[in-house]
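Visitor:
Residue numbers (the working numbering), protein chains in the order written: chain E, 439 to 550; chain P, 38 to 228.
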């Protein structure tokens, strides 16, 4: 109220507007609990979504790679040979990449 | 130490807590801020809504929003001023929502309870303050409460309500006039 010049009416109004303070009664603890829960949910959301997305994506991605390998007749033989050698391991590579990403995010969450 | 010095120390303490929250996402520091200011925020919303349960729900929303937007607190004004701005916005949004809800109910032919949400004092046992607030519009009530119950300066109220300082002053003047005519306060002015 620094900039206001209080007159008798202002003081009267202040006294009329005066009310007893509201006791905390666990209100602040409730807010903190809600925020902590929300933070945890946010931190868990990304690794969980990565794992689920990865699990869903593994099969179609592998299918796509296998289908792509059937086009090998159009490519020079030495390139085809190296790709064909990789294709049987594609599922493992994709799964490994997903797990690595999930582990990195998990580690970051623990660090936080 | 004077009240003004205490106010400045509180302000600095609040800023220190805000800095900790922004840098470390420190929920304990935020809990301390909530503990310090919950009474003013809850009282402010209780006076605006006239409903304790609704006011406490809105207060929770207000503090959750404050957590989300804490990095936007510039530290120029007081923390309580910034908090009351969020509380006032939360109140206005909730009022708009309940108005829309009432319109939908009306369209489908239900008896609306929306009017009961507005500040109406019917009981014979209402306290003086409630009678006082009942004669004011939402805007006047919010500004008068910020000024006389929360002790915010005109500048802080202007920041909280996004109104020019001149408008804040004229709303306070209008509110005082309304209270004066409704309750014959002139007689007690110098008493």
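Cβ coordinates follow ideal geometry from the N, Cα and C atoms, glycine included.
Between which two residues does the alpha helix (DSSP H) harbouring residue 218 of chain P extend?
Guide: Position 181 of the second chain holds residue 218 of chain P. That run of the alpha helix (DSSP H) goes 202-220.
Visitor: Compare the C-beta of residue 76 of chain P against all C-beta atoms of chain E and say whether one is closer than 8 Å.
Guide: Your numbering for residue 76 of chain P matches position 39 in the second chain. It does: the Cβ of residue 76 of chain P has a partner Cβ on chain E nearer than 8 Å.
Visitor: Run the CB neighbour count on residue 501 of chain E, radius 10 Å, all protein chains shown included, and call it buried at 16 or more, exposed below.
Guide: Walking along the first chain from the start, residue 501 of chain E turns up at place 63. Per the 10 Å Cβ criterion, exposed.
Visitor: Do residue 212 of chain P and residue 177 of chain P have their C-beta atoms within less than 8 Å of each other?
Guide: Taking the first residue of the second chain as 1, we reach residue 212 of chain P at position 175. Taking the first residue of the second chain as 1, we reach residue 177 of chain P at position 140. Taking 8 Å as the Cβ cut-off, residue 212 of chain P and residue 177 of chain P qualify as a contacting pair.
Visitor: Please report the residue range of the alpha helix (DSSP H) in which residue 99 of chain P lies.
Guide: If you number the second chain from 1, residue 99 of chain P lands on position 62. Per DSSP, residue 99 of chain P belongs to the alpha helix (DSSP H) from 89-106.
Visitor: Using only the alpha-carbon positions, how far apart do residue 540 of chain E and residue 475 of chain E sit?
Guide: Along the first chain, one-based indexing puts residue 540 of chain E at 102. Along the first chain, one-based indexing puts residue 475 of chain E at 37. Cα-Cα distance, rounded: 21 Å.
Visitor: Within the 8 Å Cβ cut-off, does residue 64 of chain P reach chain E?
Guide: Numbered from its first residue, the second chain carries residue 64 of chain P at position 27. Closer than 8 Å to some Cβ of chain E, the Cβ of residue 64 of chain P qualifies, so yes.
Visitor: Taking only beta-carbon positions, decide if residue 489 of chain E is within less than 8 Å of chain P.
Guide: Mapped onto the first chain, residue 489 of chain E falls at position 51. No, no contact with chain P.
Visitor: So, using beta-carbon positions, are residue 131 of chain P and residue 95 of chain P closer together than 8 Å?
Guide: Working through the second chain from its first residue, we reach residue 131 of chain P at position 94. Working through the second chain from its first residue, we reach residue 95 of chain P at position 58. Their beta carbons are under 8 Å apart, which means residue 131 of chain P touches residue 95 of chain P by this criterion.
Visitor: Which residues bound the alpha helix (DSSP H) around residue 450 of chain E?
Guide: Within the first chain, the letter at position 12 stands for residue 450 of chain E. Where residue 450 of chain E is concerned, the enclosing alpha helix (DSSP H) stretches over 446-455.
Visitor: Relative to chain E, which residues along the segment 73-99 of chain P have a C-beta separation below 7 Å, given in chain order?
Guide: Those would be 75, 76, 79, 80 and 97, in chain order.
Visitor: Residue 181 of chain P lies in the alpha helix (DSSP H); which residues open and close that run?
Guide: If you number the second chain from 1, residue 181 of chain P lands on position 144. Where residue 181 of chain P is concerned, the enclosing alpha helix (DSSP H) stretches over 175-181.
Visitor: Measure the alpha-carbon distance for residue 459 of chain E versus residue 80 of chain P and round it to whole angstroms.
Guide: Taking the first chain and counting its residues from 1, the one referred to as residue 459 of chain E is at position 21. Taking the second chain and counting its residues from 1, the one referred to as residue 80 of chain P is at position 43. Roughly 8 Å separates the two Cα atoms.
Visitor: Of all the CB atoms in chain P, is at least one closer than 8 Å to the CB of residue 474 of chain E?
Guide: Numbered from its first residue, the first chain carries residue 474 of chain E at position 36. Taking Cβ atoms only, chain P reaches closer than 8 Å to residue 474 of chain E, which makes this a yes.
Visitor: Quick check: the Cα distance between residue 65 of chain P and residue 470 of chain E, rounded to an integer number of angstroms?
Guide: The residue you call residue 65 of chain P lines up with position 28 of the second chain. The residue you call residue 470 of chain E lines up with position 32 of the first chain. Those two C-alpha atoms are separated by around 7 Å.
Visitor: For residue 69 of chain P and residue 190 of chain P, I'd like the C-alpha separation in whole angstroms.
Guide: Numbered from its first residue, the second chain carries residue 69 of chain P at position 32. Numbered from its first residue, the second chain carries residue 190 of chain P at position 153. Approximately 24 Å, taken between the alpha carbons.
Visitor: Tell me the rounded alpha-carbon separation between residue 465 of chain E and residue 72 of chain P.
Guide: Position 27 of the first chain holds residue 465 of chain E. Position 35 of the second chain holds residue 72 of chain P. Their backbone Cα atoms lie some 8 Å apart in a straight line.
Visitor: Consider the Cβ of residue 565 of chain E: report whether some Cβ of chain P lies at a distance smaller than 8 Å.
Guide: This structure gives no information on residue 565 of chain E, because the portion of chain E shown stretches from 439 to 550.
Visitor: So, with DSSP's three-state summary, where would you put residue 460 of chain E?
Guide: Within the first chain, the letter at position 22 stands for residue 460 of chain E. Note: residue 460 of chain E maps to coil in three-state DSSP.
Visitor: What residue range does the alpha helix (DSSP H) around residue 195 of chain P cover?
Guide: Here residue 195 of chain P refers to the residue found at position 158 of the second chain. That run of the alpha helix (DSSP H) goes 191-198.
Visitor: Where does residue 485 of chain E sit, in a helix, a strand or coil, going by DSSP?
Guide: For the purposes of this step, residue 485 of chain E is identified with residue 47 of the first chain, where counting begins at 1. Reduced to three states, the DSSP call for residue 485 of chain E is helix.
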